[in-house]
Amino acid sequence: MLVGIVGWRGMVGSVLIQRMLQEGDFNFFETRFFSTSNAGDKVSEKIKFKGSHILADGFDQSALADCDVILTCQGSEYSRKMFPTLRAKGWSGFWIDASREFRMEEETTIVLDPLNRSSIDSALKTGRKVFCGGNCTVSCLLMAIHGLVKDNFVEWVSSTTYQAASGGGAKHMKELLTQAGKIYKQVDSLLSQDNSHILDIDRKVLDTQKNFSGNEMHCFKVPLSGSLIPWIDQDRNDGWSLEEWKGDVELNKILGSDKKEKVKVDFTCVRVGIMRCHSQSVILKLKQKLDIEDIEKILDEANPWVEVVPNKKADSEQFLSPLYASGTLRIPIGRVRRMKYDDSCISAFTIGDQLLWGAAEPLRRMLRIIVDQNFPKDV
Ligand code: HSE
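No gaps in the numbering here: position 64 of the sequence shown is 64 in my numbering, and each next residue is one more.
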């Protein structure tokens, strides 16, 4: 089987390659690496794989059409341009896509196999070939509350997110750090004086934040370091951001409940000055009253990655933290408790690495599902 990979040097793509190397995935197929800007260059020697080490042109239709599977992290624009062109030329391979471009199309399965392996299997059996990764916040949330949604305990979910800079991309992460560095430089000398006054420091910080140049906030448009932005992605002009809208439609599409009784979903999506983990403060309305210990057990046993953190100060500080989840597949969920004024609702707090379960890992696993079953492309 020949697998074409496009967009593998970007942030999600690099995390994907790291995971594929860790899992030995490259032993199971031949790989052709594509580039949309550096065709003809060599693939890094750090990546051990079977296939040519010369980068193919990401716009070369016949090189792409040789592939049984194309996995792209190149972004929506690339998918919009190349997928229909390849299909029009008769290519019938599998398209695995990190972008949102085709997520809501009828033919597409949004992949999160610990939750929707049966939808993936039936899509494969019926000849569907488009598999897209979901929105990061939705995938991380579903991994966390898997146990409760699996057994249909959830009537509605309301989540307020704390989304990391990584959700915007590599440049956004650098911008966050550049802003932090600039702020620090302005107050460095005051911080080192024992008797400096906090209000002087505070005023300098605020002055710096309010006077970032256009370049210093090119990505986020407003200061993020030491602040937050309660709006992510486009304005749908109906009171919801595109990110919040995705929460509802994608979550239900993954669960297959878009066609039956939906889980009602409400998101408030907030960007915070964190590097790469998305956190969420969640309220769940349950269809029946369950003991908190039973809820924790249901959550904990749902999949191998979710980790219930006891609702205690020390545990929460240590394990319910972006630092604990960052760079790992762990999905900690904690602060699980019944709401004071409505005991049919519970609240919880959960975290997931936006680049792993939120992006690369479901795609990597989808590729292995196809490869391990040796699905031919021409069926
Ligand atoms: N839209 C997400 C964010 C990342 O901006 O954080 C990709 O799912």
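Idealized CB from N, CA, C, for every residue including glycine. All values derive from a computational prediction rather than experimental measurement.
- With a cut-off of 8 Å on Cβ pairs, the segment 266–277 is not in contact with the segment 300–311, counting fewer than three such pairs.
- The C-alpha of L112 lies about 15 Å from the C-alpha of K246.
- DSSP, read as helix, strand or coil, puts Q163 in strand.
- Positions of the beta strand (DSSP E) runs, each at least 3 residues long and wholly inside the segment 132–191, are given as 154–162 in order along the chain.
- The residue from L290, R335, R338 with its alpha-carbon nearest to that of L148 is L290.
- In the structure shown, K81 adopts helical secondary structure according to DSSP, grouped into three states.
- Residue environment analysis places T137 among the buried positions, since at least 16 neighbouring C-beta atoms fall within 10 angstroms of its C-beta.
- Per DSSP, W95 is one residue of the beta strand (DSSP E) stretching across 94–97.
- Shown here for F102: same chain residues with a beta carbon closer than 6 Å to its own, the five before and five after excluded, namely T108, V130, C132 in chain order.
- Membership of M366 in the alpha helix (DSSP H) is indicated by the continuous run 361–372.
- Here the alpha carbon of K221 sits roughly 15 Å from the alpha carbon of A170.
- Judged by DSSP secondary structure, Q280 falls within the beta strand (DSSP E) whose first and last residues are 277–286.
- Taking each of E23, F94, E30 in turn and checking the Cα distance to R128, the smallest one comes out for F94.
- Membership of S122 in any beta strand (DSSP E) is not indicated; the residue belongs instead to the alpha helix (DSSP H) covering 113–125.
- In this structure, the CA atom of E317 is about 48 Å from the CA atom of S52.
- Under the three-state reduction of DSSP, P322 is assigned to helix.
- Between the alpha carbons of V270 and L141 lies a distance of about 15 Å.
- Not one heavy atom of ligand 1 lies closer than 8 Å to the C-beta of I198.
- Considering only Q280, I229, S326, R338, the residue with the shortest C-alpha distance to V15 is S326.
- Taking all protein chains in view, the Cβ of M339 is surrounded by fewer than 16 other Cβ atoms within 10 Å, so the residue is classified as exposed.
- Per the coordinates, the alpha-carbon of Q193 lies some 19 Å from the alpha-carbon of K182.
- In the three-state DSSP reduction, M1 falls in the coil class, being neither helix nor strand.
- In the structure shown, V69 adopts extended strand secondary structure according to DSSP, grouped into three states.
- Distances from the alpha-carbon of Y341 to those of L329, P304, K285 put K285 closest.
- Per DSSP, reduced to three states, the secondary structure at K246 is helical.
- Straight-line spacing of the CA atoms in G58 and F29 works out to 19 Å.
- Annotated three-state conformation of K48 is coil, per DSSP.
- For I54, the pairing in a beta bridge is given by DSSP as K42.
- DSSP places M339 inside the beta strand (DSSP E), whose first and last residues are 331–339.
- Here L86 has Q61, L64, A65 as same chain residues with Cβ atoms under 7 Å from its own Cβ, once five neighbours each way along the sequence are excluded.
- Setting aside the 5 residues that flank it on each side, K253 is surrounded in the same chain by I110, each with a C-beta closer than 6 Å to its C-beta; the list follows chain order.
- At a threshold of 8 Å, I331 does not count as near ligand 1, since its beta carbon sits no closer than that to any of the ligand's heavy atoms.
- Non-local C-beta neighbours of M217 in its own chain, meaning closer than 8 Å and more than five positions away in sequence, comprise E175, Q179, P223, L224, ordered along the chain.
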